[in-house]
Structure formats: structure tokens, C-alpha cells
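> Let me begin by handing over the structure; questions about it come next.
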Amino acid sequence: MAGTISDYGGRQQIWNLGNNIIDTKKLVDLELQALEMKKSPYTTQKQTLTNEKNVYASMKKEFGNLVQVFKDLSAFKGDEKKITLSKDGFMKAQADAAAIPGTYTITVERVAERHQITTAPLTPSKTPEGMEQKFSLDLKLGVDDVFQINGKEVKISKDMTYKDLVNKINNGNFGASVYTLGDQLFFTSTTAGEAGELKLTDGANGFLQNIGLVTSAKNPDGTNVVAHQVTGAINAEYTINGIKGTI
Numbered sequence: 001m002a003g004t005i006s007d008y009g010g011r012q013q014i015w016n017l018g019n020n021i022i023d024t025k026k027l028v029d030l031e032l033q034a035l036e037m038k039k040s041p042y043t044t045q046k047q048t049l050t051n052e053k054n055v056y057a058s059m060k061k062e063f064g065n066l067v068q069v070f071k072d073l074s075a076f077k078g079d080e081k082k083i084t085l086s087k088d089g090f091m092k093a094q095a096d097a098a099a100i101p102g103t104y105t106i107t108v109e110r111v112a113e114r115h116q117i118t119t120a121p122l123t124p125s126k127t128p129e130g131m132e133q134k135f136s137l138d139l140k141l142g143v144d145d146v147f148q149i150n151g152k153e154v155k156i157s158k159d160m161t162y163k164d165l166v167n168k169i170n171n172g173n174f175g176a177s178v179y180t181l182g183d184q185l186f187f188t189s190t191t192a193g194e195a196g197e198l199k200l201t202d203g204a205n206g207f208l209q210n211i212g213l214v215t216s217a218k219n220p221d222g223t224n225v226v227a228h229q230v231t232g233a234i235n236a237e238y239t240i241n242g243i244k245g246t247i
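Note that the UniProt record's numbering numbers the sequence shown so that position 166 is 166, with each residue one more than the last.
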């Protein structure tokens, strides 16, 4: 007997096969379930492998830190203490893997100071008529000369003003800066401590002596002796656990 296919209630059914009715939707559902059951072991295995991978990554990270600790320990040298300069005039003490564990007492007994010197008062003398004059940065230097600051030549001309001189030094790489206070010029080292001592050598026409910055006396290195010192070039002094040091 030939079968008949019909659609009833959203389901395809085959009739006239004896007393049996074949529900194709159930057949498809059963087939899908069978496929899902076949896939399930692979899904479970994939999840297991993913979990194992995450555990391994975590262990690797934790043991990595431990390995680094042993590397630091193997490179440890107990006699090392590190002190560095973080900025001109400032001392920075920093402990790392090479430092001996413990408590350190650091006392700064004196901070480093920059060398500072000054000229004599630069107010001009009275005019022939007896009139008082005032100092101004616009006054002419009135002399041609070549002097040295820290071994570097500074060339001036009689037509330059004191303002030109200040700008020339401040904008140059002479290791010094200049500012005015009243009728005096103040020269300050750009480096703190003994390493920043200002060394001046006067020119042939004696400009530095004329403004009272140096004397005619000479230092052992051939530079001129400073005439008016405000602050000496002094290193910082500190004590670490009773051990004195300078920097």
C-alpha cells in the first residue's frame, strides 16, 4: 500500500504504513540529540584543556616571581651601598637588591652650596660738576677685553652695556649665571658643591679687576683670586649609620 505524506500541526506525517504513524520531526530531533551526544565528549575535553591552560599560566606567573627572587639573591653583594645624585645640590639614597636589609639612619648635616661672588658697587663716581650718578644696566662697559669664566673666553667691547654682559653670560655655557642687586653684579655657579667653584681669569685690560670681581693675585692654577665671595663652593655632608660622607 502506498504511503501518504501530510502536514498536520506543523509536523510532517507518513500515513498508510500499517498502523504506524512516522513523525519526521521526532526523527530529526532524535538525530540532533545523537549528534549532540557525539559532540559532548569533545566539548568536555576542550573545557578541561582550557582549565589546565589557565592553571599553567597562573603557576608560571607565580613561579616567575619566585625565580626572580632567586636571581636577585644570587646577584646579591652585601658590601654595596648605592648613593646617587638625583639633581644638582640634592642627594638621593636608594636601596635595591644589592643593599643589606636593615634600618638605616641618614642625617644630612650640611647641604651643598653654590659658589657665589659679587662685584664691588658699580655706581659711577660724581661728575666733574659734582653731580651724583646712579648705576644702570644700560651703562656702557667702556672697555674692550677678553676674560675667562671656567676656562671659556668672554669677549666684551666698550660699546656693550652691563645688560649685554649679563645676557651674554646667562645665555652662554659658562657654568655661571648673573643677576643684579642694587648696583652690584652677583655671579652664581650653576653646579652645587666644590665641583662648581667659579674660576675667573682677567683679561689684558683688567675688566674684572675694574669692577671689583677679582684681585691681581693669582691662584696656583693661574686664575685670579676672587675679591668678594658671598658663598663658598661647599659639598654636602651626611652620615649613614654613623659613617660620614660628602657629595
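Note that the Cβ used here is the ideal one computed from N, Cα and C, for glycine as well.
Everything numeric in this text was worked out from a predicted model, so none of it was measured.
Which partner residues of T107 appear in the DSSP bridge assignment?
The residue labelled residue 107 in the question sits at position 107 within the sequence shown. DSSP output for T107 lists T239 as bridge partner(s).
> Could you give the first and the last residue of the continuous beta strand (DSSP E) run that contains L181?
Locating residue 181 in the sequence shown gives position 181, counting from the first residue. Unbroken beta strand (DSSP E) run through L181: A176 to L181.
> Using 8 angstroms as the Cβ pair cut-off and three pairs as the minimum, do the stretch 233-245 and the stretch 154-169 touch?
The stretch 233-245, when compared against the stretch 154-169, does not touch it at the 8 angstroms Cβ threshold.
> Under three-state DSSP, which class holds G222?
Numbered from 1 along the sequence shown, position 222 holds the residue referred to as residue 222. DSSP places G222 in coil when its eight states are reduced to three.
> Do T161 and D138 have their C-beta atoms closer together than 8 angstroms?
Residue 161 sits at position 161 when you count from the first residue of the sequence shown. Residue 138 sits at position 138 when you count from the first residue of the sequence shown. For T161 and D138, yes; Cβs fall inside 8 angstroms.
> Do L200 and L165 count as a contact pair if the criterion is CB distance below 8 angstroms?
The residue given as residue 165 occupies position 165 in the sequence shown. The residue given as residue 200 occupies position 200 in the sequence shown. Cβ distance not < 8 angstroms, so L165 and L200 don't count as in contact.
> Check this for me: beta carbons of F174 and I149, under 8 angstroms apart or not?
For the purposes of this step, residue 174 is taken as the residue at position 174 of the sequence shown. For the purposes of this step, residue 149 is taken as the residue at position 149 of the sequence shown. Yes, the pair counts as a contact, with Cβ atoms nearer than the cut-off.
> Would you identify the three-state DSSP class for F207, choosing helix, strand or coil?
The residue you call residue 207 lines up with position 207 of the sequence shown. Helix at F207.
> Measuring alpha carbon to alpha carbon, tell me which residue in N167, K163, V143 and T188 is nearest S136.
As a first step, residue 136 is located in the sequence shown; it is residue number 136 there, counting from the start. Measuring from the Cα of S136, the nearest candidate turns out to be K163.
> Please classify R110 as buried or exposed, where buried requires at least 16 other C-beta atoms within 10 Å of its C-beta.
For this step, residue 110 is matched to residue 110 along the sequence shown. Exposed: under 16 other Cβ atoms inside 10 Å.
> Whose CA, out of T118, T103 and E52, lies closest to the CA of H228?
For the purposes of this step, residue 228 is taken as the residue at position 228 of the sequence shown. The shortest Cα separation from H228 among T118, T103 and E52 belongs to T118.
> Ends of the alpha helix (DSSP H) at V166?
As a working mapping, residue 166 is identified with position 166 in the sequence shown. Counting along the chain, the alpha helix (DSSP H) containing V166 begins and ends at Y162 to N170.
> Apart from the five residues on each side of it in sequence, which residues of its chain come closer than 6 angstroms, Cβ to Cβ, to P124?
Numbered from 1 along the sequence shown, position 124 holds the residue referred to as residue 124. Correct list, in chain order: Q133.
> Counting only the same chain and skipping the five closest in sequence on each side, list residues whose C-beta sits under 8 angstroms from that of E194.
For this step, residue 194 is matched to residue 194 along the sequence shown. Hits under 8 angstroms: A233, I234 and N235.
> For K199, does the three-state DSSP call read helix, strand or coil?
Numbered from 1 along the sequence shown, position 199 holds the residue referred to as residue 199. In this structure, K199 counts as coil in the three-state DSSP scheme.
> Tell me the rounded alpha-carbon separation between K77 and N241.
Here residue 77 refers to the residue found at position 77 of the sequence shown. Here residue 241 refers to the residue found at position 241 of the sequence shown. Bear in mind that a pLDDT of 49 at K77, under 50, signals an unreliable position, so the number given afterwards is only what the model happens to contain. Roughly 19 angstroms separates the two Cα atoms.
> Report the option in L35, T188 and N224 whose CA atom is closest to the CA atom of E113.
As a working mapping, residue 113 is identified with position 113 in the sequence shown. Among L35, T188 and N224, the Cα nearest to that of E113 is on T188.
> Is it buried or exposed, V214, if we count other Cβ atoms within 10 angstroms and call 16 or more buried?
As a first step, residue 214 is located in the sequence shown; it is residue number 214 there, counting from the start. Buried, because 16 or more other Cβ atoms sit within 10 Å of the Cβ of V214.
> Where does Q45 sit, in a helix, a strand or coil, going by DSSP?
Translated into positions along the sequence shown, residue 45 becomes position 45. Helix, per DSSP.
> State buried or exposed for A192, treating a residue as buried only when at least 16 other CB atoms are found within 10 Å of its CB.
Locating residue 192 in the sequence shown gives position 192, where the first residue counts as 1. Looking at its Cβ environment, which holds 16 or more other Cβ atoms inside 10 Å, A192 is buried.
> Measure the CB-CB distance between F147 and G203 and report whether it falls below 8 angstroms.
Numbered from its first residue, the sequence shown carries residue 147 at position 147. Numbered from its first residue, the sequence shown carries residue 203 at position 203. A contact, by the Cβ cut-off of 8 angstroms.
> Between the Cα of T105 and those of V226, P41 and Y238, spot the shortest distance and give me the residue it belongs to.
Translated into positions along the sequence shown, residue 105 becomes position 105. With distances taken between Cα atoms, T105 lies closest to Y238.
> Would you mind sorting Q184 into buried or exposed? The rule is 16 or more other CB atoms within 10 Å of its CB.
Counting from one through the sequence shown, the residue named residue 184 turns up at place 184. Looking at its Cβ environment, which holds 16 or more other Cβ atoms inside 10 Å, Q184 is buried.
> Based on Cα-Cα distance, which residue from L35, V108, G212 and P220 lies nearest to residue 301?
Since the first residue shown for the chain is 1 and the last is 247, residue 301 is missing from the structure and cannot be characterised.
> Across which residues does DSSP place T188 in a beta bridge pair?
Residue 188 sits at position 188 when you count from the first residue of the sequence shown. Bridge partners of T188: Q116 and S177.
> I need the DSSP call for T123, collapsed to helix, strand or coil.
The count along the sequence shown starts at 1 and reaches residue 123 at position 123. Coil.
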